[in-house]
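S.K.: The structure under discussion is supplied below as structure tokens; questions concerning it will follow.
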């Protein structure tokens, strides 16, 4: 509301003057000699309508980045409909108040008549807006990821330039300010666009979802939580509307539940799933992914995903027909110089297998297996991994009692983070150095 009021107060006068330069003044003053024939009245009505139109344009100009960043959707038709509905807004408001007053004064006939007019106007606007269902999807809703601060600064600088160009008073900026200011501004914007590799353990409650982004632009997702938290929206907030790879570790709801919405919203190139004929839910996920044009890779032993020198992903699979948890995919990730181990829901049997096969090496960061259940993270497994940082993904006050105190004791020598207490855990990576942030 404050943004709308500010946009109307600051931007609308410049928008109005811009259109005056383009011929709006001619329209506004036309018909002056024909007052007796209603020319003046017609031009006045047109002027009010155009002013309402300019109000809609001003509001959209002022709030465009805010709507982009908050909702991650741009509705081009909605912008147009806002401008169409603008001229009707004042009339609807006045008619509504008068109709209520007439009803209060028991002027039933007048109240009914005004209500009929109101209903007709609103019906007309509704029908106009319903036409959007027949328009191409790219006009009605464009899904856009959030962008860095630099883009928003640049946008509002353009708005400021527009205001200066269409100001009532002639504003002259000294040339020396332009010569010195533009390079300084470009340097600041460049610094704001610098990115680093990162791994984000999303807070999805009693579930698991991990976002991976490398400095070279490769982006991936491991699981998508149960679905109560919209992971696709979290990805858009991280500036991502496409993923190079997605891993669904196994077919338990707290790991795959939100993946369908991800496929609906985010463009995905590859999906890695366990080659487990007993995992019915994973089969459904794979079938849905294929219908969306995603290439599905079934991991029967190991699969490797590598992109440049910044990211190396090794995905392991242990077949256990008696346990979907033990059949979870395990991921060994090297992001720049940082080594990470994502254990999903494996338990002691799978841990023993990976130790026996010499698959577990020293790592810098570990995702604690099975949300910190005591059926996982055996002393031998923790000793073999020797992590410096441990992250537990679990829900607040969950019914399973995760993470178990026994498991927490085994990671006592690690820097421990918990999504149930710390919220999302964000690990920024630059070479071997890391910086960890918590986001509640």
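Residue numbers (the numbering used here): 4 to 443.
Ideal Cβ placement from N, Cα and C applies to all residues, glycine included.
(1) How would you label residue 374, buried or exposed, when you count the other beta carbons within 10 angstroms and need 16 or more for buried?
(2) Are the CB atoms of residue 199 and residue 215 nearer to each other than 8 Å?
(3) Is it true that the CB of residue 266 sits closer than 8 Å to the CB of residue 291?
(4) Going straight from the alpha carbon of residue 118 to that of residue 104, what length do you get?
(5) Put residue 13 into one of helix, strand or coil per three-state DSSP.
(6) Going by DSSP, what residues sit across from residue 115 in a beta bridge?
(7) Taking the continuous alpha helix (DSSP H) assigned at residue 161, which residues delimit it?
(8) Please return the same chain residues whose Cβ sits closer than 6 Å to the Cβ of residue 36, not counting the five positions on each side in sequence.
(9) If you follow the alpha helix (DSSP H) that residue 267 is part of, which residue opens it and which one closes it?
(10) Would residue 17 pass as a contact of residue 123 if the rule is Cβ separation under 8 Å?
(11) Would you call the CB atoms of residue 269 and residue 227 closer than 8 Å?
(12) Whether or not the stretch 329-349 and the stretch 273-283 are in contact is what I'm after, with contact meaning three or more pairs of Cβ atoms, one per stretch, closer than 8 Å; do they touch?
(13) Closest to residue 221 by CA distance: which of 314, 285 and 389 is it?
(14) Could you check where the beta strand (DSSP E) with residue 393 kicks off and where it finishes?
(15) Could you tell me the distance, in whole angstroms, from the CA atom of residue 387 to the CA atom of residue 80?
(16) Using 10 angstroms around the beta-carbon of residue 346, count the other beta-carbons present and answer buried if the total reaches 16, otherwise exposed.
(17) Tell me the DSSP secondary structure of residue 247 in three-state form.
(18) Can you tell me where the alpha helix (DSSP H) holding residue 172 begins and where it ends?
M.R.: Taking the geometry as given:
(1) Residue 374 sits at position 371 when you count from the first residue of the chain shown. The residue is buried, with at least 16 neighbouring Cβ atoms inside 10 Å.
(2) Your numbering for residue 199 matches position 196 in the chain shown. Your numbering for residue 215 matches position 212 in the chain shown. No, Cβ-Cβ distance for residue 199 and residue 215 is not below 8 Å.
(3) Residue numbering aside, residue 291 sits at position 288 when the chain shown is read from its first letter. Residue numbering aside, residue 266 sits at position 263 when the chain shown is read from its first letter. Yes.
(4) Walking along the chain shown from the start, residue 118 turns up at place 115. Walking along the chain shown from the start, residue 104 turns up at place 101. Those two C-alpha atoms are separated by around 12 Å.
(5) Within the chain shown, residue 13 is the residue found at index 10, counting from 1. It is helical.
(6) As a working note, residue 115 is residue 112 in the chain shown. Answer is none; residue 115 lacks a bridge partner.
(7) Locating residue 161 in the chain shown gives position 158, counting from the first residue. Here the alpha helix (DSSP H) through residue 161 covers 152-168.
(8) Within the chain shown, residue 36 is the residue found at index 33, counting from 1. With a pLDDT of only 46 at residue 36, under the threshold of 50, the placement of this residue in the model should not be trusted; the figure read from the coordinates follows. Contacts found: none.
(9) Sequence index remark: in the chain shown, residue 267 carries index 264 (1-based). Taken as a continuous stretch (DSSP letters only), the alpha helix (DSSP H) holding residue 267 covers 262-268.
(10) The sequence position of residue 17 within the chain shown is 14, counting from 1. The sequence position of residue 123 within the chain shown is 120, counting from 1. Not closer than 8 Å, so no.
(11) Indexing the chain shown from 1 puts residue 269 at position 266. Indexing the chain shown from 1 puts residue 227 at position 224. Not closer than 8 Å, so no.
(12) yes
(13) Against the chain shown, residue 221 aligns to sequence position 218. Comparing Cα-Cα distances from residue 221 to each of 314, 285 and 389, the minimum goes to 314.
(14) In the chain shown, the residue the question calls residue 393 occupies position 390. Residue 393 -> beta strand (DSSP E) spans 392-395.
(15) Reading the chain shown from its first residue, position 384 is the one you call residue 387. Reading the chain shown from its first residue, position 77 is the one you call residue 80. So the alpha carbons of these two residues sit roughly 58 Å apart.
(16) Along the chain shown, one-based indexing puts residue 346 at 343. With 16 or more Cβ atoms within 10 Å of its Cβ, residue 346 is classed as buried.
(17) The sequence position of residue 247 within the chain shown is 244, counting from 1. Strand at residue 247.
(18) The sequence position of residue 172 within the chain shown is 169, counting from 1. No alpha helix (DSSP H) contains residue 172, which DSSP labels as neither H nor E.
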